[in-house]
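Residue numbers (this note's numbering): 6 to 380.
Don't be surprised by glycine CBs; every beta carbon is placed ideally from N, CA and C.
Working notes, beginning with the structure itself.
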Amino acid sequence: MNANQTKELVQQRYAAAALRVQSGSAGCCSATTEFPEADAITSNLYSEEESSAVPLAARLASLGCGNPTALAELKPGEVVLDLGSGGGIDVLLSSRRVGPTGKAYGLDMTDEMLALARENQAKAGATNVEFLKGDIEHIPLPDSSVDVIISNCVVNLSADKDQVLREAFRVLKPGGRWAISDIVVRGEMPEAIRANAELWSSCVSGALEENDYRAKLAAAGFAGIDLEPTRLYAADEIAPGAVDGLFASMFVRARKPSGVKVQVYDPAMCCSSGVCGPTVDPVLARFSADLDWLSMQGITVERYNLSQAPAAFVAAPAVQAALAADGTSCLPMILVDGEVRSQGKYPVRFTLAKWAGLSLPVPVELNVLAPKGCC
Ligand SMILES: C[S@@+](CC[C@H](N)C(=O)[O-])C[C@H]1O[C@@H](n2cnc3c(N)ncnc32)[C@H](O)[C@@H]1O
Numbered sequence: 006m007n008a009n010q011t012k013e014l015v016q017q018r019y020a021a022a023a024l025r026v027q028s029g030s031a032g033c034c035s036a037t038t039e040f041p042e043a044d045a046i047t048s049n050l051y052s053e054e055e056s057s058a059v060p061l062a063a064r065l066a067s068l069g070c071g072n073p074t075a076l077a078e079l080k081p082g083e084v085v086l087d088l089g090s091g092g093g094i095d096v097l098l099s100s101r102r103v104g105p106t107g108k109a110y111g112l113d114m115t116d117e118m119l120a121l122a123r124e125n126q127a128k129a130g131a132t133n134v135e136f137l138k139g140d141i142e143h144i145p146l147p148d149s150s151v152d153v154i155i156s157n158c159v160v161n162l163s164a165d166k167d168q169v170l171r172e173a174f175r176v177l178k179p180g181g182r183w184a185i186s187d188i189v190v191r192g193e194m195p196e197a198i199r200a201n202a203e204l205w206s207s208c209v210s211g212a213l214e215e216n217d218y219r220a221k222l223a224a225a226g227f228a229g230i231d232l233e234p235t236r237l238y239a240a241d242e243i244a245p246g247a248v249d250g251l252f253a254s255m256f257v258r259a260r261k262p263s264g265v266k267v268q269v270y271d272p273a274m275c276c277s278s279g280v281c282g283p284t285v286d287p288v289l290a291r292f293s294a295d296l297d298w299l300s301m302q303g304i305t306v307e308r309y310n311l312s313q314a315p316a317a318f319v320a321a322p323a324v325q326a327a328l329a330a331d332g333t334s335c336l337p338m339i340l341v342d343g344e345v346r347s348q349g350k351y352p353v354r355f356t357l358a359k360w361a362g363l364s365l366p367v368p369v370e371l372n373v374l375a376p377k378g379c380c
């Protein structure tokens, strides 16, 4: 089957699902008719509070595999885009989180789903919501116009996932977030499942393998890539031929780099972070965790250790000048976009975030690592 035929099948399936909800004859429908247990994918995704906040028809049309709005840390004023918005449940939940100063877009290719979503919008009285018709492979929004992309069990349905990721990257603002739920394979997909066209439209056979997902996100330019399982499926919840735990719902997170670069010039240390050996300086452990956190926020982080990369110190004029004036007491030095921000001490996460232009508040937990063996 070619990409157009796959898309047509997907569209027919979800048009029928929307009409069933509108005619009051159906609940949810992820499963093949021969394999109704696959409703395990779509069931019990939302809290009671969330369910009661949206119209019944939006709940009945819920065909996702996760709860991206609960995990995406949406903030008031943000612009959110839901790829494959279906009956609109995640758009309506997002609209409450971003509030009247924000905006929630839903994008779907299926007219029947769009009609249902717009009815649900009217019932919910949501004014900061807009449903757009279109393909997730060609997003009808301008470059750098979206803070957060969410999606719920849709990317697996696309026959051109690289194109979806390129488009997502294009429309996200610098530092913007990819925060979606999707079905992911944790290993090799059995051939019998891969070849089953019916299982494509029920979100199974088009699923990406976990490492492929990471590679495709990185190839599209994303940073801070993280895949977190939210539900593992038993073989009989997926399809004949599946294996327990092979398929999972995952929360897939990544960032469009913000364009901000933080460079750290450390004194001579035994390893790249100084976090090794039987005794560990808790300040270094905390700082390492803070740098990991910064890169998860889409900040480019470069770290140089005087004993391992002396050439980097020579290549940075500001660092060279400080070393000439003060000797190694100027280390560590922190530069943000080439400008010296501190010398002789490790800043805390809050300060790093402020320098990098990240919105606050910043999580305050300090990930102090347990001492490890030597590197
Ligand atoms: C599994 S349902 C999920 C709907 C919704 N996200 C939810 O959680 O209920 C898939 C939805 O994505 C839409 N869809 C699938 N492929 C698409 C594509 N390539 N472009 C736009 N919409 C697509 C379908 O029309 C359908 O409404």
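Pick helix, strand or coil for C33, following the three-state DSSP scheme. Taking the sequence shown and counting its residues from 1, the one referred to as residue 33 is at position 28. Unreliable placement is indicated for C33, whose pLDDT of 39 sits below 50; the coordinate value is still reported in the next sentence. Of the three classes helix, strand and coil, the one that applies to C33 here is coil, per DSSP.
So does Q10 have its beta carbon nearer than 7 Å to some heavy atom of ligand 1? The count along the sequence shown starts at 1 and reaches residue 10 at position 5. Not under cutoff, so the answer is no.
Can you name the residues that DSSP bridges to I154? Taking the sequence shown and counting its residues from 1, one reaches residue 154 at position 149. Partner(s): L86 and W183.
Member of K266, G104 and A224 whose CA lies at the smallest distance from the CA of G303: To locate residue 303, count along the sequence shown from 1; it is residue 298. Out of K266, G104 and A224, K266 has the C-alpha closest to the C-alpha of G303.
Could you check if V159 belongs to the surroundings of ligand 1, using beta carbon to heavy atom distance under 7 Å? Numbered from its first residue, the sequence shown carries residue 159 at position 154. V159 has its Cβ nearer than 7 Å to a heavy atom of ligand 1.
Could you check which residue in V248, S334, A127 and Q10 has the C-alpha nearest to that of G92? Stepping through the sequence shown from its first residue, residue 92 is reached at position 87. Of V248, S334, A127 and Q10, the residue nearest in Cα terms is A127.
Could you please give the first and the last residue of the uninterrupted alpha helix (DSSP H) stretch that includes N125? If you number the sequence shown from 1, residue 125 lands on position 120. Note, N125: alpha helix (DSSP H), D116 to A129.
According to the Cβ coordinates, are V388 and I141 closer than 8 Å? The structure shown does not extend to residue 388, since the chain is modelled only from 6 through 380, so no value can be given for it.
Apply the 10 Å Cβ neighbour rule to G130 and answer buried if 16 or more other Cβ atoms are within range, or exposed otherwise. In the sequence shown, residue 130 corresponds to position 125, counting from 1. Residue environment for G130: exposed (fewer than 16 other C-beta atoms within 10 angstroms of its C-beta).
Is Q16 a contact residue of ligand 1, with contact defined as CB to any heavy atom under 7 Å? If you number the sequence shown from 1, residue 16 lands on position 11. Flag set: Cβ of Q16 near ligand 1.
Considering only heavy atoms of ligand 1, does any lie closer than 7 Å to the CB of V142? Along the sequence shown, read from residue 1 onward, the residue named residue 142 stands at position 137. Here residue 142 turns out to be Glu, not Val, going by the sequence shown. Yes - ligand 1 has a heavy atom lying nearer than 7 Å to the Cβ of E142.
Beta carbon of G181 nearer than 8 Å to that of K261: Taking the first residue of the sequence shown as position 1, residue 181 is located at position 176. Taking the first residue of the sequence shown as position 1, residue 261 is located at position 256. Cβ atoms of G181 and K261: closer than 8 Å.
Inter-residue Cα distance where the pair is K221 and A259: Position 216 of the sequence shown, counted from the start, is the residue given in the question as residue 221. Position 254 of the sequence shown, counted from the start, is the residue given in the question as residue 259. Going from the Cα of K221 to the Cα of A259 covers about 11 Å.
Compare the beta carbon distance of G211 and N161 with 8 Å and say whether it is the shorter of the two. In the sequence shown, residue 211 corresponds to position 206, counting from 1. In the sequence shown, residue 161 corresponds to position 156, counting from 1. The criterion of a C-beta distance shorter than 8 Å is satisfied by G211 and N161.
Can you check whether the C-beta of A62 is within less than 8 Å of a C-beta belonging to chain C? Absent here is chain C; the protein component of the structure consists of one chain.
In chain order, each alpha helix (DSSP H) run of at least 4 residues that lies wholly inside the stretch 275-358: 287-301, 315-320 and 322-331
Hey, out of R199, V189, E215 and K166, whose CA is closest to A225's CA? Locating residue 225 in the sequence shown gives position 220, counting from the first residue. Comparing Cα-Cα distances from A225 to each of R199, V189, E215 and K166, the minimum goes to K166.
When DSSP labels each residue in this structure, what does S409 get in the three-state scheme? As displayed, the chain neither begins before 6 nor continues past 380, which places residue 409 out of reach and without an answer.
First and last residue of the uninterrupted alpha helix (DSSP H) at E242: Working through the sequence shown from its first residue, we reach residue 242 at position 237. E242 -> no alpha helix (DSSP H), and no H or E assigned at all.
Can you tell me whether A66 sits near ligand 3, meaning its C-beta is under 7 Å from at least one heavy atom of the ligand? Annotation note on ligand 3: not contained in the displayed structure, which lists ligand 1 as its ligands.
For ligand 1, is there a heavy atom less than 7 Å away from the beta-carbon of S163? Taking the first residue of the sequence shown as position 1, residue 163 is located at position 158. S163: yes, Cβ under 7 Å from ligand 1.
Alpha carbon to alpha carbon, how far is S156 from G139? Give it in angstroms, no decimals. Your numbering for residue 139 matches position 134 in the sequence shown. Your numbering for residue 156 matches position 151 in the sequence shown. Each residue's Cα considered, the two are about 14 Å apart.
Assumed close pair T235, S186 - CB separation to whole angstroms, cut-off 8 Å: Counting from 1 along the sequence shown, the entry for residue 235 is found at position 230. Counting from 1 along the sequence shown, the entry for residue 186 is found at position 181. Indeed, because the Cβ distance is near 7 Å, the residues count as touching under 8 Å.
Which one or two residues does DSSP pair with K266 in a beta bridge? The residue labelled residue 266 in the question sits at position 261 within the sequence shown. In the DSSP output, where bridge partners are listed per residue, K266 has T305.
With DSSP run on the structure shown, which of helix, strand or coil describes M6? For this step, residue 6 is matched to residue 1 along the sequence shown. Coil.
Can you confirm whether the stretch 235-254 touches the stretch 305-314 when touching is taken to mean that 3 or more C-beta pairs between the two stretches lie within less than 8 Å? no
According to the Cβ coordinates, are L213 and V190 closer than 8 Å? In the sequence shown, counting from the first residue as 1, residue 213 sits at position 208. In the sequence shown, counting from the first residue as 1, residue 190 sits at position 185. In contact: L213 and V190 (Cβ atoms closer than 8 Å).
Any heavy atom of ligand 1 closer than 7 Å to the CB of D113? In the sequence shown, counting from the first residue as 1, residue 113 sits at position 108. D113: yes, Cβ under 7 Å from ligand 1.
Sub-8 Å separation of S300 and P179 beta-carbons: The residue labelled residue 300 in the question sits at position 295 within the sequence shown. The residue labelled residue 179 in the question sits at position 174 within the sequence shown. Not a contact, by the Cβ cut-off of 8 Å.
Could you give the first and the last residue of the continuous beta strand (DSSP E) run that contains E233? The residue given as residue 233 occupies position 228 in the sequence shown. E233 -> beta strand (DSSP E) spans A228 to L237.
Could you compute how far the alpha carbon of G4 sits from the alpha carbon of A321? There is no way to answer for residue 4, as the model of the chain reaches only from 6 to 380.
Exposed or buried, L357, counting other C-beta atoms within 10 Å across all chains shown (16 or more means buried)? Counting from 1 along the sequence shown, the entry for residue 357 is found at position 352. Buried, because 16 or more other Cβ atoms sit within 10 Å of the Cβ of L357.
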